[in-house]
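Trainee:
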């Protein structure tokens with residue numbers, strides 16, 4: 002009878018029976034290793050958590066300060082029942098990690114979510130050589146090819162400046178962990194002050210407690226003058242779109258940041274004035290290059306365009322397989338077009354005036 006694989010796909014998550022731990026489980030377990038703090042990967046209810054140092058304060062904020070959490074640096078080795086575990090940069094959001102698992106010379110890597118472009122905010126993606134690579138493929142179609150970030154934000158800052166010259170406010174939407182900080186760090190603060198929705202600012206504050214240096218921001222409260230806001234820019238989560246909280250900034254121009262903006266009609270479906278193609282996930286070329294760089298013998302695709310991407314990888318020589326998980330897609334609190342993978346923890350009924358929106362999460 003053949004030995005069990007080092008990692009298995011179960012109804013609770015990715016499981017290492019030899020080490021007796023799960024990776025990003027979606028059901029309560031005793032021992033969970035977490036790739037990053039997005040809500041489709043980091044669930045409440047586990048007895049023990051292991052994650053990267055820079056995920057610490059966001060995990061405490063989202064899951065509660067009483068969780069039993071151990072954090073480690075990139076490359077630091079942890080042993081669980083004779084199995085070696087180490088975390089390596091995924092480039093997805095601050096604190097995101099690929100999980101490397103080794104036993105008796107056999108190496109598996111769980112990517113979590115990742116992108117290969119260095120965004121200047123989180124630690125850049127590093128390929129990790131392995132025999133088996135478990136990868137996302139959220140944007141696993143050749144239509145998804147991202148512009149360089151420098152070009153995207155040159156357009157964003159020019160749009161903001163033009164709005165100021167025309168007496169319009171500016172609202173830019175991106176999910177609260179990852180894209181919001183990427184937007185913040187690339188805005189030209191010479192244009193004006195940067196304001197944030199409470200959900201965005203709560204996450205920023207957690208990251209600052211973890212030692213992350215971010216541009217100055219101002220939390221919007223009931224006392225924030227509308228005219229002051231119009232002279233700056235507002236960063237808001239997708240769940241704020243179409244709510245009274247956002248409408249009070251009228252007149253404004255509204256830009257939506259998402260990889261899905263590459264699809265025709267996506268901007269219209271979100272009622273956005275401007276579709277900004279920006280994702281914290283790898284595009285088609287990034288996925289292919291990342292998988293190839295591992296030198297893996299087998300690749301397993303967890304979420305996204307798994308069927309078509311597996312077929313393509315098989316055609317170019319990889320032993321590729323689809324697997325079923327509960328990992329999600331790109332945006333928090335938004336509804337994707339029918340042709341897109343579903344978002345992580347979609348919840349269209351959440352009020353944007355309630356700052357407890359962190360359970361409503363984006364992933365793309």
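Numbering (this note's numbering), first residue to last: 2 to 365.
Note that CB positions come from ideal geometry on N, CA and C, so glycine has one too.
#1: With a Cβ-Cβ cutoff of 7 Å, do residue 35 and residue 50 count as a contact?
#2: Among 220, 222 and 205, which residue has its Cα nearest to the Cα of residue 214?
#3: Note down the Cα distance separating residue 343 from residue 98, rounded to an integer number of angstroms.
#4: Count the other CB atoms within 10 Å of the CB of residue 282; is the residue buried (16 or more) or exposed (fewer)?
#5: Quick check: what's the CA-CA separation for residue 133 versus residue 229?
#6: Given 8 Å as the limit, is there contact between the segment 155–166 and the segment 102–119, that is, 3 or more CB pairs closer than that?
#7: Out of 196, 207, 211 and 231, which one is the CA nearest neighbour of residue 366?
#8: Count the other CB atoms, across all protein chains shown, that sit within 10 Å of the CB of residue 276; report buried if there are 16 or more and exposed otherwise.
#9: Nearest-angstrom Cα distance between residue 19 and residue 80?
#10: Spell out the partners DSSP gives residue 1 in its beta bridges.
#11: Give every residue of the same chain whose Cβ lies closer than 8 Å to the Cβ of residue 340, excluding the five residues on either side of it in the sequence, and list them in chain order.
#12: In whole angstroms, what is the alpha-carbon distance linking residue 299 and residue 150?
#13: Taking the Cβ atom as the reference point for each residue, do residue 86 and residue 123 lie within a distance shorter than 7 Å?
#14: Would you mind giving the Cβ-Cβ distance between residue 48 and residue 82, rounded to the nearest angstrom? I have them listed as a contact below 8 Å.
#15: Identify the continuous beta strand (DSSP E) that holds residue 85 and give its terminal residues.
#16: Tell me where the alpha helix (DSSP H) around residue 170 begins and ends.
#17: Can the beta-carbon of residue 170 be found closer than 7 Å to that of residue 255?
#18: Tell me which same chain residues have a C-beta within less than 7 Å of the C-beta of residue 220, skipping the five on either side of it?
#19: Please specify which runs of the alpha helix (DSSP H), each continuous and at least 4 residues long, are wholly inside the segment 211–276, giving them in chain order.
#20: Mapping the DSSP letters down to three states, classify residue 333 as helix, strand or coil.
#21: CA-CA distance, residue 142 and residue 316?
#22: Give every residue of the same chain whose Cβ lies closer than 6 Å to the Cβ of residue 247, excluding the five residues on either side of it in the sequence, and list them in chain order.
#23: What do you get for residue 45, buried or exposed, if any count of 16 or more other CB atoms within 10 angstroms of its CB means buried?
#24: Kindly provide the ranges of any beta strand (DSSP E) runs that are 3 or more residues long and lie completely inside the segment 25–74, ordered along the chain.
#25: Rounded to whole angstroms, how far is the Cβ of residue 148 from the Cβ of residue 287, which I believe are closer than 8 Å?
#26: Using a Cβ-Cβ cutoff of less than 7 Å, which residues in the same chain neighbour residue 57 once the five nearest sequence positions on both sides are dropped?
Mentor: On the basis of the supplied data:
#1: If you number the chain shown from 1, residue 35 lands on position 34. If you number the chain shown from 1, residue 50 lands on position 49. Yes, the pair counts as a contact, with Cβ atoms nearer than the cut-off.
#2: Mapped onto the chain shown, residue 214 falls at position 213. When each option's Cα is compared against that of residue 214, the closest is 205.
#3: As a working mapping, residue 343 is identified with position 342 in the chain shown. As a working mapping, residue 98 is identified with position 97 in the chain shown. Low per-residue confidence applies at residue 343: pLDDT is 31, beneath 50, and the placement is therefore not dependable enough to give any value.
#4: By one-based count along the chain shown, residue 282 stands at place 281. The residue is buried, with at least 16 neighbouring Cβ atoms inside 10 Å.
#5: By 1-based counting over the chain shown, the position of residue 133 is 132. By 1-based counting over the chain shown, the position of residue 229 is 228. C-alpha separation (whole angstroms): 53 Å.
#6: Verdict: no, contact absent.
#7: A query on residue 366 cannot be resolved here, the shown segment of the chain reaching from 2 to 365 and no further.
#8: The residue you call residue 276 lines up with position 275 of the chain shown. Of the other Cβ atoms in all chains shown, 16 or more fall within 10 Å of the Cβ of residue 276; this residue is therefore buried.
#9: In the chain shown, residue 19 corresponds to position 18, counting from 1. In the chain shown, residue 80 corresponds to position 79, counting from 1. Looking at the two C-alpha atoms, the distance is approximately 11 Å.
#10: Within the shown structure, residues of the chain are numbered from 2 to 365, placing residue 1 beyond reach of any answer.
#11: In the chain shown, residue 340 corresponds to position 339, counting from 1. Its pLDDT being 35, under 50, residue 340 is placed unreliably by the model, and the measurement read from it follows with that caveat. Cβ neighbours of residue 340 beyond the five flanking positions: 264.
#12: Taking the chain shown and counting its residues from 1, the one referred to as residue 299 is at position 298. Taking the chain shown and counting its residues from 1, the one referred to as residue 150 is at position 149. About 31 Å.
#13: Here the question's residue 86 lines up with position 85 in the chain shown. Here the question's residue 123 lines up with position 122 in the chain shown. No, these two residues do not count as a Cβ contact at 7 Å.
#14: For the purposes of this step, residue 48 is taken as residue 47 along the chain shown, with counting starting at 1. For the purposes of this step, residue 82 is taken as residue 81 along the chain shown, with counting starting at 1. Their Cβ separation, rounded to whole angstroms, is 16 Å, which puts residue 48 and residue 82 out of contact at 8 Å.
#15: Sequence index remark: in the chain shown, residue 85 carries index 84 (1-based). Unbroken beta strand (DSSP E) run through residue 85: 84–90.
#16: As a working note, residue 170 is residue 169 in the chain shown. Per DSSP, residue 170 belongs to no alpha helix (DSSP H); it is in the beta strand (DSSP E), 170–174.
#17: Here the question's residue 170 lines up with position 169 in the chain shown. Here the question's residue 255 lines up with position 254 in the chain shown. Contact flag unset, no.
#18: For the purposes of this step, residue 220 is identified with residue 219 of the chain shown, where counting begins at 1. These residues qualify, in order along the chain: 197, 199 and 202.
#19: If one requires a minimum length of 4 residues, the alpha helix (DSSP H) runs lying completely within the segment 211–276 are 227–231, 245–248 and 267–270, in chain order.
#20: The residue labelled residue 333 in the question sits at position 332 within the chain shown. In this prediction, residue 333 scores a pLDDT of 42, lower than 50, which makes its location untrustworthy; the coordinate-derived value is nonetheless stated afterwards. Here residue 333 carries a coil assignment [DSSP, helix/strand/coil].
#21: Here residue 142 is taken as the residue at index 141 of the chain shown, counted from 1. Here residue 316 is taken as the residue at index 315 of the chain shown, counted from 1. C-alpha separation (whole angstroms): 14 Å.
#22: For this step, residue 247 is matched to residue 246 along the chain shown. The residues are 241.
#23: On the chain shown, position 44 is the one that residue 45 refers to. Counting Cβ neighbours within 10 Å, residue 45 comes out exposed, since fewer than 16 surround it.
#24: 32–34, 49–53 and 70–73
#25: Taking the chain shown and counting its residues from 1, one reaches residue 148 at position 147. Taking the chain shown and counting its residues from 1, one reaches residue 287 at position 286. Not really, about 13 Å apart at Cβ, beyond 8 Å.
#26: On the chain shown, position 56 is the one that residue 57 refers to. If we look at residue 57 and ignore the five residues flanking it on each side, its Cβ neighbours are 70, 72 and 211.
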